[in-house]
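First comes the structure, then the notes that go with it.
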C-alpha cells in the first residue's frame, strides 16, 4: 500500500465535497462567544434598533407639530420586529445603500408611514445612534460580569487570606505573602476596571439628532427656523431611547474618540485577566494552584498525565487580541477628516463587536476559573519552608544578640551556614538544611529550644491577612452591596470548551 496516498489533493478538496462547510466560520463567534453578547451585536438587534430610532424621531416630530398621523406611527410600532432581511438585501443591492434598503423594507410593511420614515435624518442618525445603543448594552453586560467575577474572587481571597505563600519579585523567591492577599492584587485590577466601566456607562452620550454635517440644518428647515424646536427634538429622541445626554457637538458622526475610550477600557479588562491567568499558569507549574479540571478532560493528546491550564491559556490568548484593538480605534479617530470620512466604517464593524465578544468570553472564563480553583496547601508550605530558613536568619540573629551574643560573630556564622546550605540545595538537589546547621552550632544555643517558633511562616506575612480583610470589607463589599441586583442575574452560557 505504499502508493495509497497517490492522487490525494493536499491543497484543497472537490467543489461538491462538504458543501455546507466550505465557508469560513469566525472562531470567536462559532467557538467562544456567548449568546448574550452575540445578541447585542446581532442583525436582529441592529436593525430593530434602527426602526426604534425612526419611530422615536417620527413620534417626536409629531409632538413638535410636524404633520404625522397616529396611524402612521402605529404602523411603525406594529412592525418594529417584522424585518424581512431578504427584501432589505434586495433593496440594498438595487440602491447600493444599506440604510435606504431598510427604509424601503420598513415601508413595505408600514406603507402608510413610508412618506415620513427617516424624515430629516441622515444615515448616521440610525447607524451611529444604534452603535451607541449597542455599546451601552454591551457595557452593561460587561459590568454585570465584572461584579460577578469580583464576588467569586472575594470568596477565594477570604478563604485563603491567612495561608502563607512565597512572594516573588523577578520571579525569584521574596518575602512571604498569603494566597488570599495575592488574589486581592487581581481583584484590585478588576475593581479599577469596574470603576472605568461604571464611569463610561454614566457618561456615554447618544449621538442624537445632528444632521448631515452636525449643524441640524435640515431639521431647522423642517421646523421653519425654530431653533428651540430643533433643540427639543434632539432632547426628546434621546429621552425616548433611554439617554440623558447627547454629544454636545458633532460632525456627521459622533467623535470616534468614544470608540477609542471604550476599546481602551476593554483592553484594561484584558490586561487584568492576562495578569491573573499568567500568575495561575506559573503557579500551576509549581503545582501550588490548579484551575478546574473536568473528570473526562484530556490535557494532552500525547501525554495522558498532563493537566494543562488551558482555560487560563485561552484567557491570555483572547486578552492579547483585545489589547491589540485600541491602536486601530486611535488611528481611525485620528484619520477622520473634517466632518466625516467613510474609512471608519469597515474597521468599526469588526473591532467594536469583536472587542466585546472577546471580553465577555474572558470574564466568563475568569468566573469559571476562580469558582473552581484548587489550592494545594502542602505544596505551598513545602515551597515556603524551602526558602524560609534564609528569610528567618535576621530574626535568629536578633534573638541571639538579645541573649548576649556577639552580632558580628553570629552574622559571619550565619553567612557561612547559609552559603553551605545553598550549595546543598543547588549542588546536591537536597532540602535546605540551614536550620539543622544552626541547631548544631553552639553559637546559637540561645535559640535552639525555639527555632521552630521563630520560623513559623505566619510570622513573616506582615499585614497580608489584615490587608486582605480590609480590602474585602472596605473596597469590595460596598460594590457588591451596591450592585447586588447584578449578582442575581444568570450567566446564560457556561464554559464548554
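Residue numbers (our numbering): 55 to 551. Virtual Cβ for every residue (Gly too), placed ideally from N, Cα, C.
Do residue j and residue i count as a contact pair if the criterion is CB distance below 7 Å?
i: residue 162; j: residue 526; result: no
i: residue 89; j: residue 109; result: no
i: residue 291; j: residue 111; result: yes
i: residue 491; j: residue 471; result: yes
i: residue 255; j: residue 193; result: yes
i: residue 512; j: residue 227; result: no
i: residue 413; j: residue 323; result: yes
i: residue 534; j: residue 205; result: yes
i: residue 486; j: residue 520; result: no
i: residue 235; j: residue 518; result: yes
i: residue 166; j: residue 129; result: yes
i: residue 159; j: residue 140; result: no
i: residue 417; j: residue 231; result: no
i: residue 208; j: residue 468; result: no
Check the C-beta distance from residue i over to residue j and give it rounded, since I have them as a contact under 8 Å.
i: residue 383; j: residue 405; result: 6 Å
i: residue 443; j: residue 489; result: 5 Å
i: residue 287; j: residue 114; result: 5 Å
i: residue 272; j: residue 119; result: 16 Å between Cβ atoms; not a contact.
i: residue 493; j: residue 508; result: Not really, about 11 Å apart at Cβ, beyond 8 Å.
i: residue 395; j: residue 313; result: Rounded, the Cβ-Cβ distance is 15 Å, inconsistent with contact.
i: residue 93; j: residue 415; result: 14 Å between Cβ atoms; not a contact.
i: residue 91; j: residue 411; result: 5 Å
What residues in its chain sit with their C-beta under 8 Å from that of residue i, if we drop five residues either side in the sequence?
i: residue 349; result: Legend: pLDDT at residue 349 = 49, less than 50; position of this residue unreliable, value from coordinates given subsequently. Within the same chain, residue 349 has no close Cβ partners at all.
i: residue 379; result: 317, 320, 321, 405, 408, 409
i: residue 268; result: 303, 304, 305, 306, 393
i: residue 295; result: 106, 107, 110, 183, 187, 260
i: residue 430; result: 341, 342, 343, 344
i: residue 483; result: none
i: residue 463; result: 497
Counting only the same chain and skipping the five closest in sequence on each side, list residues whose C-beta sits under 7 Å from that of residue i.
i: residue 419; result: 365, 368, 369, 549
i: residue 156; result: 101, 104, 142
i: residue 40; result: Outside the displayed range of the chain (55 to 551) lies residue 40, so it cannot be described from this structure.
i: residue 397; result: 389
i: residue 284; result: 270, 273, 274, 277
i: residue 479; result: 486
i: residue 401; result: 382, 386
i: residue 476; result: none
i: residue 403; result: none
i: residue 449; result: 508
i: residue 222; result: 228
i: residue 543; result: 198
Taking the alpha carbon of residue i as the point to measure from, which residue in the options has its own alpha carbon closest?
i: residue 436; options: 303, 425, 285, 340; result: 340
i: residue 399; options: 133, 307, 66; result: 307
i: residue 196; options: 146, 164, 245; result: 245
i: residue 142; options: 448, 304, 97; result: 97
i: residue 446; options: 309, 229, 315, 417; result: 229
i: residue 522; options: 401, 481, 240, 374; result: 240
i: residue 373; options: 252, 329, 138; result: 329
i: residue 164; options: 126, 274, 149; result: 126
i: residue 233; options: 82, 479, 433; result: 433
i: residue 315; options: 257, 390, 476; result: 257
i: residue 421; options: 391, 343, 481, 327; result: 327
i: residue 220; options: 483, 342, 391; result: 342
i: residue 210; options: 237, 222, 224, 225; result: 237
i: residue 82; options: 536, 61, 371, 450; result: 371
i: residue 524; options: 225, 403, 216, 297; result: 216
i: residue 134; options: 171, 148, 149; result: 171
i: residue 438; options: 150, 297, 515; result: 515
i: residue 391; options: 309, 225, 66; result: 309
i: residue 248; options: 545, 537, 542, 544; result: 537
Might you give, ordered along the chain, the residues of its own chain that have their beta carbon closer than 6 Å to the beta carbon of residue i, omitting 5 neighbours on each side?
i: residue 68; result: none
i: residue 146; result: 152, 155
i: residue 190; result: 258
i: residue 116; result: 122
i: residue 540; result: 198, 201
i: residue 552; result: Not covered by the structure: residue 552. The range shown for the chain is 55 to 551.
i: residue 76; result: none
i: residue 555; result: Any property of residue 555 remains undetermined from this structure, which presents the chain solely from 55 to 551.
i: residue 148; result: none
i: residue 359; result: Reliability fails at residue 359, whose pLDDT of 47 lies under 50, so the model's placement of it is uncertain and the value that follows must be treated cautiously. Cβ neighbours of residue 359 beyond the five flanking positions: none.
i: residue 243; result: 326
For the stretch 173 to 186 against the stretch 254 to 262, do three or more pairs of beta-carbon atoms, one drawn from each stretch, fall closer than 8 Å, so that the two count as touching?
yes
Three Cβ pairs or more, each shorter than 8 Å: is that satisfied between the stretch 363 to 371 and the stretch 316 to 335?
yes
Sufficient close CB pairs (3 or more, under 8 Å) joining the stretch 415 to 433 to the stretch 458 to 476:
no
Tell me, please, whether the stretch 498 to 508 touches the stretch 439 to 455 by the rule of three or more beta-carbon pairs shorter than 8 Å.
Flag = yes, the stretch 498 to 508 and the stretch 439 to 455 touch.
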